Amino acid sequence: MSVKTETEVMIGGKVYTLRGSESEEYLQRVAIYLNNKIAEYNKLESFRKQSVDYKNVLVQLNIADDYFQAKKKIAKLEEELERKEKELYDLKHDLISTQIKLENTEKGIKSMQEELNEGTRKMMRMEAELKNSR
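At position 21 of the sequence shown the residue is numbered 26 (the working numbering), and the sequence of numbers has no breaks.
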C-alpha cells in the first residue's frame, strides 16, 4: 500500500487539506492548476455575475474539457507511436533482408573471383606448356 501524503493548499482563496498517494509538489501543482482556471474565468465579467454553483459547474466543465482534449491527444500520439514502431520494424526487416542479399552477393563475387583466379592460373599453365612444347 502506498504512503499517503497530506498537505495544505489554497484554492480560490480557501485553505484545504489534501491527502493522497501523490507527492506534496504534485498536490500543489493541482491546486495551482485549479487556481489558474478560476482566475481565467474571473477575468470575464459575465462569469463573475453568475451564482457560485454555476461558476463551479463552468470550471468543472472546462477542466473536463481539458481532460478529454488531453486524452484525445494521448490517443493520437499513441497511434502515431504505434505507426512509427511498425515502420521501424519494417525498416529493420528490410535492412536485415538487404544485409543477407549483400552477404550472398559478396559470397558470389568471392566465388567468381576464385573461379577467375583458377581460370587465370590454368591459362598461364597452358601458355607455359605451349611455350615449352615449341
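Ideal Cβ placement from N, Cα and C applies to all residues, glycine included.
Since we're looking at a predicted model, the values are computed, not measured.
Under the DSSP definition of a beta bridge, which residues are partnered with residue i?
i: Val14; result: Tyr21
Among the candidates the options, whose CA atom is the shortest distance from the CA of residue i?
i: Gln33; options: Leu82, Asn47, Ile16; result: Ile16
i: Tyr38; options: Gln55, Tyr59, Val14; result: Val14
i: Leu63; options: Ile114, Lys77, Glu45; result: Glu45
Terminal residues of the continuous alpha helix (DSSP H) containing residue i?
i: Leu100; result: 57 to 138
i: Glu45; result: 29 to 47
i: Ser51; result: 50 to 53
Residue i and residue j: beta carbons closer than 9 Å?
i: Lys60; j: Phe52; result: yes
i: Thr22; j: Glu11; result: yes
i: Ser26; j: Ser7; result: yes
i: Arg24; j: Lys48; result: no
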